[in-house]
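In the numbering used here, the protein residues as written are -5 to 319. Single-structure report; data block below.
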């Protein structure tokens, strides 16, 4: 039997004697559930135009998200601003497996080509703890897309989870993070992870990132992970990649894969990856794209989405998150 990580031990010990979030989040005795009208309103508000990093449009969306959290009653809202240089970013992408390069600033001693800003909202536990769970999504879009699915769907899921969980007692802190610059190969999450101290990294029990989940489809979802366990005889065909994924599974991916709607896969193209580079358990929930997806162009609009898929992912996150009774 493989050694179980401390994070997984903590999650299992929390799950065993207690209810899940889905069973215990109530208001006046009624279970709080995701509301489709809330989700649709969020998507309408943030997808009126493309919102690439360093644009006026993404600044407007940042202000909307901040106001949304404020209206929910969250007052612990931080903004993490970062600068970037496009040429240096291309070099970093070529060295994406090297944490010291990939997580470093791309604008140090270089021309600043743009500025991005992460939004970090903390829900503190009712108990004294330094342990943090991150629930995240990127809120930028490609330059030629309003990004309804990629990633308005993830933003809506995170904001609805923040609403549902607002007054719930939990045994760890939750950080809801909206990253900027994912479409430039995860600039925002790279910056965030690169700025964490060693102690801060150890305080993160895991990351659940939500990215592109709601185009109309009957297919399920990928639990995307990355890891450095790669045997010398590893094969990279479909079967070999499945074996690698199983070898590199972590405490966050293990929360989802018991469901037959989620399957494990290795990938580096979402905001879980910078965390994985420094051995923080992280998973990105992304819809199965074997039939192709309409993203990063003018076809990624609300009319091509199934809002119920966002509800499904929210329900699954609620089902796997532990809470005190």
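Using N, Cα and C, we set each Cβ at its ideal position, and we do this for glycine too.
Assigned exposure category for residue i - 16 Cβ within 10 Å defines buried
| i | result |
| --- | --- |
| residue 191 | exposed |
| residue 45 | buried |
| residue 151 | buried |
| residue 227 | exposed |
| residue 230 | exposed |
Inter-residue spacing [alpha-carbon to alpha-carbon] between residue i and residue j
| i | j | result |
| --- | --- | --- |
| residue 265 | residue 219 | 10 angstroms |
| residue 296 | residue 288 | 11 angstroms |
| residue 182 | residue 161 | 28 angstroms |
| residue 268 | residue 261 | 12 angstroms |
| residue 232 | residue 189 | 35 angstroms |
| residue 83 | residue 107 | 10 angstroms |
| residue 86 | residue 64 | 36 angstroms |
| residue 47 | residue 135 | 8 angstroms |
| residue 143 | residue 36 | 12 angstroms |
| residue 92 | residue 270 | 12 angstroms |
| residue 29 | residue 293 | 25 angstroms |
| residue 196 | residue 168 | 15 angstroms |
For residue i, the three-state DSSP class (helix, strand or coil)
| i | result |
| --- | --- |
| residue 27 | coil |
| residue 130 | strand |
| residue 286 | coil |
| residue 296 | helix |
| residue 198 | strand |
| residue 186 | helix |
| residue 248 | helix |
Presumed contact (8 angstroms Cβ cut-off) between residue i and residue j, rounded CB distance
| i | j | result |
| --- | --- | --- |
| residue 275 | residue 246 | 5 angstroms |
| residue 204 | residue 307 | 6 angstroms |
| residue 70 | residue 100 | Their Cβ separation, rounded to whole angstroms, is 29 angstroms, which puts residue 70 and residue 100 out of contact at 8 angstroms. |
| residue 187 | residue 40 | At roughly 24 angstroms, the Cβ-Cβ gap does not stay under 8 angstroms, so residue 187 and residue 40 are not in contact. |
| residue 215 | residue 279 | 6 angstroms |
Sequence-distant residues of its chain with Cβ nearer than 6 angstroms to residue i (five each side left out)
| i | result |
| --- | --- |
| residue 223 | 241, 242 |
| residue 254 | none |
| residue 170 | 115, 129, 152, 156 |
| residue 147 | 207, 208, 304 |
| residue 58 | 39 |
Sequence-distant residues of its chain with Cβ nearer than 7 angstroms to residue i (five each side left out)
| i | result |
| --- | --- |
| residue 184 | 96, 97, 268 |
| residue 166 | 119, 123, 125, 126, 127, 199 |
| residue 111 | 56, 73, 74, 75, 174 |
| residue 67 | 160 |
| residue 62 | 153 |
Contacts around residue i, its chain only, beta-carbon distance under 8 angstroms, and the 5 residues preceding and following it disregarded
| i | result |
| --- | --- |
| residue 234 | 228 |
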